[in-house]
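Protein chains: 2
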Amino acid sequence: MAMAEAAERTDVAALVREMGRRARAAARVMANVPREAKDAALLRAAQALRERRAEILEANARDMAAARERGLSAAMLDRLMLDEKRIEAMARGLEEIAALPDPVGTELARWTRPNGLDIARVRVPLGVIGIVYESRPNVTADAAGLSLKAGNAVILRGGSESFHSSRAIHAAVLEGLRAAGLPEDAVQMVPTTDREAVGAMLRLSESIDVIVPRGGRSLVERVYAESRVPVLAHLEGICHVYLHEKADPTKAVEVTFNAKMRRTGICGAAETLLVDRSVAEELLPPVLARLIEAGCEIRGDETVRRIEPRAVPATEEDWSTEYLAPILSVKVVAGIDEAIDHINTYGSHHTDSIVTEDREAAERFLREVDSAIVMHNASTQFADGGEFGMGAEIGIATGRLHARGPVGVEQLTTFKYVVRGNGQVRPL
Amino acid sequence: MAMAEAAERTDVAALVREMGRRARAAARVMANVPREAKDAALLRAAQALRERRAEILEANARDMAAARERGLSAAMLDRLMLDEKRIEAMARGLEEIAALPDPVGTELARWTRPNGLDIARVRVPLGVIGIVYESRPNVTADAAGLSLKAGNAVILRGGSESFHSSRAIHAAVLEGLRAAGLPEDAVQMVPTTDREAVGAMLRLSESIDVIVPRGGRSLVERVYAESRVPVLAHLEGICHVYLHEKADPTKAVEVTFNAKMRRTGICGAAETLLVDRSVAEELLPPVLARLIEAGCEIRGDETVRRIEPRAVPATEEDWSTEYLAPILSVKVVAGIDEAIDHINTYGSHHTDSIVTEDREAAERFLREVDSAIVMHNASTQFADGGEFGMGAEIGIATGRLHARGPVGVEQLTTFKYVVRGNGQVRPL
């Protein structure tokens, strides 16, 4: 590393540290701000997004031109692209967040001890959130909005591709904060595309309470590998649909089709179909025909290929592969034991669904499958904070601590114990 | 590092990895065990502790002899020492844990979506807990009991000083598991005193879901610095008592005295007293006299030393020092703003208490002090799971994620979303 480069890296780390220090101070203020001020900031920011439309589109045009020059894929370009409709969607998103109840101050539990101490567990903001994302500029508004609503400060680090777009969106959010008299340091954006800034954030455990990565597998892997700060994320969504021997044939077809094909690129899309041996001959032909007609590739074990000759052979690797594409691995199992064992072994603890009319089997599946979201007779594509009624989400977490499943406003809070006494002292 | 030593370290790491693999398998079983089996195991383990008394005392005698030979301090020897009373206390502890409600399966929330999906947030075990502790052999029984009750598997790594004592206690716990037909792998103890085993546990993020260190500052610091696994712990308890201008003089004396002097060596002991300037002349003389008479050293700022000449000067360092000894730093503040700011700046986010008869000031303190536990007119020494009515605790956490404050049975659980449908698919 050349000396100049080393000095620059030190500067980036120092810059991020200083942002962290300011975020912590802002978080202290934000924790005690009334709902009205937070919602006013969100509504004003939404309005500012609309008013600054031209400016945002111009910034996005610069990013898009640079991305085309760098030869980014059509999918990447689509993620990066903003138009009037997408700007309006961001603005509406902020308005919807403003309409959500304020989680801060909610009493989660309250009880009185025999000595008269009154103890309450009260929801409070998490503190400082670090968001590391890639090419989608709308994450700037969504993440800022959710963090702000929950009374946190946030440090945003967008991808270099969306740098100008995100800056323009950030300016609108700052306008909202200013209008509501809230500290601008509550929503900071790292002003450099130097990748070292991400490393500096991942090491900043004294000032950042949790890191939420939003992006592709390599970003999430890097964050998991390097972070000294707790992470809320999922690396992959290897979601299963299991057709139990008592599955209703119509539900089997509809749930499997929707779980796989509604959108194949989202983390809640099904990647593996399991089916009980006793009903494979009956259920697989209509289920697989529907998928194949829609252009889905089927990778099956021997029995599956015998039943549906258009299926290609599945290898061991297929059971732990997240395709994010119109491909489905299909396996015949002896029964619910093998199905649960398969899911707990090969799955990613994200979302898994059983199709059955047998309530007892369903309850056993719901209890024993060790995933953030377990479902009965429903499409795995419902794995979404909005669909859960939680309002917007910043992502889905598959870790076991703090938040599992959709990470929305509530999941960006923690709690404290409030103890009210009248002079109690603890006996010796 | 000699080659033989390097090979041995590899062996230790492999051993710990294998323990982790077996713990994960046991955790799957434990997650679905009915309350009756878990409680039967706890009660049988309690009985086994009593029956194996002689064996446990003999093992402890070996540890004590080795510790004396190594010249351990009297305090360390006291922590290590077991007698019939302490064994009985451990047995009772397990019986009390058995009597607690089973947290697993509790519905934390449940709602129905407009499309008919029924969504429940259900408490489930955390998974695999790693406990790293030092010289107190009773942690073996307490940690095993709490983890078992919450349906987890646990890997225990006791200190080398308590190795034989902990093994003897562990044998009693295994007897309980066997008697109840539960997997012995649910409570494993690292069978070596090699320090590398701790490092191996801290890296085992695929098999250990959370690490709880129990011990002195250097152990907790090492765990925080090295762990790739989330940690529930506190590094220190710099707890404050703040005497507001509307403090009741008697409560001021009693709460301060108890918070500091009931036991000076626990994390909930007060280390700093703040007092409003307007009442310092009135309150400090009786408050400090009571402390000094009991042998407490007072380190005060200039005003404090003028009011109480027996006080010695406090330095900047005192405000961030956890004495764990009969020493109290005392500072006069202009009012509640300065008090809250001081606590949020110098404290350790553990437990802080305001003494006042002014309800509005109290509520402001409770809201704005950013600590796991905030109190009004109560001694900070109530910071304890038992005193909170949570049953036994494995420690106090000052981090912001997942668990804050006392870590008891409930805090060793997580949740999952259970979604019940009747064939719902997500619209395009």
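These protein sequence lines are chains A and B, in that order. The numbering of the first sequence is my numbering, which starts it at 1 and goes up by one. The numbering of the second sequence is my numbering, which starts it at 429 and goes up by one. For each residue, glycine too, the CB sits at the ideal point set by N, CA and C.
Handout entry: Segment contact, 8 Å Cβ cut-off, at least three pairs: the segment 99-111 of chain A with the segment 182-195 of chain A
Key = no
Exercise for the section: Tell me whether Val574(B) is buried or exposed, calling it buried when 16 or more other Cβ atoms sit within 10 Å of its Cβ. Expected result: According to the sequence shown, residue 574(B) is Leu rather than Val. Leu574(B) is buried by the Cβ-count criterion.
Exercise for the section: Please report the residue range of the beta strand (DSSP E) in which Leu701(B) lies. Expected result: Its beta strand (DSSP E) spans residues Ala698 to Asp704.
Practice task
Tell me whether Thr540(B) is buried or exposed, calling it buried when 16 or more other Cβ atoms sit within 10 Å of its Cβ.
Solution key: exposed
Practice task
For chain B, find out if any of its Cβ atoms is closer than 8 Å to the Cβ of Asp209(A); answer yes or no.
Solution key: yes
Handout entry: DSSP-derived helix/strand/coil call for Ile764(B)
Key = helix
Handout entry: Classification of Ala653(B) by the beta-carbon crowding that lies within 10 angstroms, buried from 16 upward
Key = exposed
Exercise for the section: Report the option in Asp765(B), Ala739(B) and Ser776(B) whose CA atom is closest to the CA atom of Val758(B). Expected result: Ala739(B)
Problem - 7 Å CB neighbourhood of Ser278(A) in its chain, flanking five on each side removed - result: Glu245
Practice task
Would you be able to state if there are at least three C-beta pairs under 8 Å between the segment 157-165 of chain A and the segment 73-85 of chain A?
Solution key: yes
Handout entry: Start-to-end residues for the beta strand (DSSP E) that takes in Thr842(B)
Key = Per DSSP, the continuous beta strand (DSSP E) segment holding Thr842(B) begins and ends at Thr841 to Gln852.
Exercise for the section: Name, in chain order, the residues that DSSP records as bridge partners for Thr779(B). Expected result: Beta-bridge pairing links Thr779(B) to Ile801(B).
Problem - Neighbour flag for Pro230(A) against chain B, beta carbons, 8 Å - result: yes
Problem - Residue-level contact to chain A via CB, Lys466(B), 8 Å cutoff - result: no
Handout entry: Delimiting residues of the alpha helix (DSSP H) encompassing Tyr323(A)
Key = Following the DSSP letters along the chain, one finds Tyr323(A) in no alpha helix (DSSP H), marked with neither H nor E.
Handout entry: Pairwise C-alpha distance: Asp370(A) and Gln411(A)
Key = 20 Å
Practice task
My understanding is that Lys416(A) touches Ala800(B), with C-beta atoms under 8 Å, so please give their C-beta distance in whole angstroms.
Solution key: Indeed they touch by this definition, with Cβ atoms about 6 Å apart.
Handout entry: Status (buried if at least 16 other CB within 10 Å, exposed otherwise) for Glu815(B)
Key = Buried, because 16 or more other Cβ atoms sit within 10 Å of the Cβ of Glu815(B).
Exercise for the section: Decide yes or no for the touch test of the segment 557-575 of chain B against the segment 630-644 of chain B: beta carbon pairs closer than 8 Å, at least 3 of them. Expected result: yes
Practice task
Might you give, ordered along the chain, the residues of its own chain that have their beta carbon closer than 8 Å to the beta carbon of Pro472(A), omitting 5 neighbours on each side?
Solution key: As displayed, chain A neither begins before 1 nor continues past 428, which places residue 472(A) out of reach and without an answer.
Problem - Selection of the segment 584-610 of chain B by Cβ proximity to chain A, strictly under 8 Å - result: none
Exercise for the section: Use the C-beta contact count for Asp622(B): other C-beta atoms within 10 angstroms, 16 or more gives buried, fewer gives exposed. Expected result: buried
Practice task
Would you be able to state if there are at least three C-beta pairs under 8 Å between the segment 266-284 of chain A and the segment 236-252 of chain A?
Solution key: Segments in contact, yes.
Problem - Cut-off 6 Å between Cβ atoms - residues of its own chain near His164(A), not counting five sequence neighbours on either side - result: Ala59, Arg62 and Asp63
Handout entry: Closest by C-alpha distance to Arg787(B), when choosing among His778(B), Ser776(B) and Asn805(B)
Key = Asn805(B)
Exercise for the section: Counting only the same chain and skipping the five closest in sequence on each side, list residues whose C-beta sits under 6 Å from that of Ile768(B). Expected result: Glu796 and Val797
Handout entry: Three-way DSSP call (helix, strand, coil) for Ile547(B) in this model
Key = strand
Problem - When Glu254(A), Leu174(A) and Val12(A) are compared against Glu355(A), the one with the closest alpha-carbon - result: Correcting the residue type first, residue 355(A) is Val in the shown sequence and not Glu. Comparing Cα positions, the closest option is Glu254(A).
Handout entry: Cβ distance (whole Å) where His234(A) is taken to contact Gly347(A) below 8 Å
Key = Not really, about 12 Å apart at Cβ, beyond 8 Å.
Practice task
Below 7 Å between beta carbons is the criterion; list the residues of the segment 832-851 of chain B that meet it against any residue of chain A, in chain order.
Solution key: Within the segment 832-851 of chain B, contact with chain A at the beta-carbon level (separation under 7 Å) is assigned to Arg832, Gly833, Thr842, Phe843, Lys844, Tyr845, Val846, Val847, Arg848, Gly849, Asn850 and Gly851.
Exercise for the section: Step through the CB atoms of chain B and report whether any lies within less than 8 Å of the CB of Arg262(A). Expected result: Arg262(A) counts as touching chain B.
Problem - Spatially closest choice to Ala599(B) from Val648(B), Ala451(B) and Ala569(B), by CA coordinates - result: Ala569(B)
Exercise for the section: Compile a chain-ordered list of the residues in the segment 532-558 of chain B whose CB is closer than 7 Å to at least one CB of chain A. Expected result: Listed in sequence order: Trp539, Arg541, Leu545, Ile547, Leu554 and Gly555.
Problem - Residue-chain proximity (Asp530(B), chain A), Cβ-Cβ < 8 Å - result: no
Practice task
Decide if Lys513(B) is buried, meaning its Cβ has at least 16 other Cβ atoms within 10 Å, or exposed.
Solution key: Under this definition Lys513(B) is an exposed residue.
Exercise for the section: Taking C-beta pairs closer than 9 Å, name the residues in chain A that Trp488(B) reaches, listed in chain order. Expected result: Residue identity check: residue 488(B) is Asn in the sequence provided, not Trp. Correct list: empty, because the minimum Cβ distance to chain A is about 27 Å.
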